[in-house]
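Chains as they are written, first to last, in our numbering: chain A, 4 to 289; chain B, 1391 to 1706.
This report concerns only the one structure given below.
As structure tokens, then:
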């Protein structure tokens, strides 16, 4: 391509951008919301965030989004450093949780309900585990499936790395704050929910934990104290292993950030989009 | 060094004759553009060096903050890595990294050098032109694909053969890594062997050597420096490889006592934990220190390659 052609393309492109910008602002006349919202943090909440951003932008075209997911704790950290307006986190980062201190001056806004499930490989015959049995298994005291009513096979424990939002919640809710074994022959750590699913699905006699939405195919969710892990049981209060997903903000949210959070918390979004993505509507928990 | 000067002289004379006819001073213009490009290229190189220096300085600076709270002795000699309880001993990772690299080399070096020798000395031309692109292709496959295949194909197989419950560990990681560095080592060794002058072989045959004797006693020793470079390049790749290893090694911060103990190496531990720690914490600094260690190891290996090359060049 010669220089002249390059210039032509460049000019046309610039003109196009300018025109569309004008067109955009014309359509949004009367819309007072504008600005850029930066969101960082939990990967579990990222799909919800992206979908909500897409819908929100249709209503308010002058608001732009930059969303990324890395890990729960990076959310409140990014807010603290001023890199992000919203820090998505799987736990309430304005309070202390095991391993992480509270982030001072941050407000936790509930945006979703995330249920977690204890999962086992499909070759495992056990389909109900009590709190004490789970504590024993994950702390390394129970090492054989026959001790909890299964076949005479070693238990393979698969967990998430320390600091994972799923792990923080599972440890607090399902294990009652109990320890997870650190050094053992049949113990393995994985980096993400996807890896957890693959690992449990391909390792016979394995046990792990994962967001309920991931449970399908080769892994099976076991009952917790006799209660099946379903959305209905979370809503009617029988199944206890779940947590809110939070948007952390520096102080109370204002302006476009406030509008966006309210859009997500709105019953309409919760009962349509969020439900379709297998999150439980916030309103159902009251 | 003589030819360029004479060329330059003849060029100037041609340019000079043109200048008299041209409106613009062509010689000056050429000199100007030459100068311009020279400084542009120089600028590019310096910019690259600056970026690299910044990266090293940043990692080192962050890494060395570790030692404000953790003693040198604990970091390098303690095997206890439980950062949530303030124990920052990285020795297990260092030992595992070295073990894994060693194991990988033990598996892959003999195989890849055999491939190289076969390719360069024995194989017919059509086979060579078939196998070389295959090896190049193996280099291009993203490491995460190797890791996934390791996790879903290799590990269940190992589990079946050994009767282990988990089978994650050093052997699985070493096998995956061996497959990954095999093309690197064999292609570079291949080039080194091909580059051995024909006269060596002819002389050896003339003395009555068999083909095996020519290969083992003449060709391979003559190409040994090139092969060494290939092995070291493969080794740097094995040390730095992360995604494939993290999927099959088991990620448990303990020393690997057997081939099937779930363990963790420097790279896999960094990638597993870096996104889950607070920015300004000893834990984060300790992970940066581990990254700096890896960088230092690679740097030393590259220096070794330079040293070997320089010596080889002087000999030839």
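Glycine is no exception: its CB is placed at the ideal position from the N, C-alpha and C atoms.
Put simply, the backbone Cα of residue 1541 of chain B is about 12 Å away from that of residue 200 of chain A. Excluding residues up to 5 positions away in sequence, 43, 87 and 90 lie with their Cβ nearer than 6 Å to the Cβ of residue 81 of chain A in the same chain. The segment 173 to 190 of chain A and the segment 133 to 144 of chain A touch, with three or more beta-carbon pairs separated by less than 8 Å. With respect to residue 1478 of chain B, residue 1452 of chain B sits apart: the two C-beta atoms are not nearer than 8 Å.
Contact between the segment 209 to 221 of chain A and the segment 118 to 125 of chain A is present, with at least three C-beta pairs closer than 8 Å. Under DSSP, residue 123 of chain A takes part in a beta bridge, and its partners are A:210 and A:223.
Boundaries of the beta strand (DSSP E) around residue 68 of chain A: 66 to 70. Residue 64 of chain A and residue 57 of chain A have their alpha carbons spaced roughly 10 Å apart. The shortest C-alpha to C-alpha distance from residue 1495 of chain B to any of B:1572, B:1522 and B:1605 is the one to B:1572. Neighbours of residue 188 of chain A in chain B, taken as residues whose beta carbon is under 7 Å from its own, are 1651 in chain order. Contact note: residue 1663 of chain B reaches chain A through 164, 165 and 166, using a C-beta cutoff of 8 Å and chain order. Taken through DSSP and simplified to helix, strand or coil, residue 1678 of chain B comes out as helix.
At least one CB of chain B lies nearer than 8 Å to the CB of residue 192 of chain A. At a beta-carbon threshold of 9 Å, none of the residues of chain B lie near residue 151 of chain A; the nearest stands roughly 16 Å away. Around the beta carbon of residue 152 of chain A, a 10 Å sphere encloses fewer than 16 other beta carbons of the protein chains shown; the residue is thus reported as exposed. Listed along chain A, the residues sitting closer than 7 Å to residue 1556 of chain B by beta-carbon distance are 159, 189, 191 and 206.
Between residue 157 of chain A and residue 208 of chain A, the C-beta gap is smaller than 8 Å, which places the two residues in contact.
In its chain, beyond the 5 residues on either side, 1646, 1653 and 1655 have a beta carbon closer than 6 Å to the beta carbon of residue 1486 of chain B.
If you check each beta-carbon in the segment 1461 to 1495 of chain B against every beta-carbon of chain A, the ones closer than 8 Å belong to 1472, 1473 and 1474. Straight-line measurement puts the Cα of residue 176 of chain A at about 35 Å from the Cα of residue 1681 of chain B.
Chain B places a beta carbon closer than 8 Å to that of residue 80 of chain A, counting this residue as a contact.
Within chain A, 190, 191 and 192 have C-beta atoms less than 9 Å from the C-beta of residue 1640 of chain B, given in sequence order. In the same chain as residue 1651 of chain B, and ignoring 5 residues on each side of it, the C-beta atoms closer than 6 Å to its own belong to 1559, in chain order.
Collapsing the DSSP output to three states places residue 39 of chain A in a strand. Beta-bridge partners assigned by DSSP to residue 171 of chain A: none are found. In the structure shown, residue 157 of chain A falls within a strand segment according to DSSP collapsed to helix, strand and coil.
When DSSP states are grouped into helix, strand and coil, residue 1641 of chain B belongs to the coil group. Taking 8 Å as the cut-off between beta carbons, the residues of the segment 1665 to 1690 of chain B near chain A are 1665, 1666, 1667, 1668 and 1669, in sequence order. For residue 102 of chain A, the closest Cβ of chain B is nearer than 8 Å. Among the residues of chain B, those whose CB is under 7 Å from the CB of residue 77 of chain A are 1665, following chain order. Judged by their CB atoms, residue 47 of chain A and residue 168 of chain A are nearer to each other than the 8 Å cut-off. Annotated three-state conformation of residue 1646 of chain B is coil, per DSSP. Taking the Cβ atoms as the reference, residue 191 of chain A lies roughly 6 Å from residue 1641 of chain B, within the contact range of under 8 Å. The alpha carbon of residue 225 of chain A has as its nearest neighbour, out of A:240, A:203 and A:239, the alpha carbon of A:203. Listed as beta-bridge partners of residue 90 of chain A by DSSP are A:43 and A:251. Between residue 125 of chain A and chain B, the shortest Cβ-Cβ separation is not below 8 Å.
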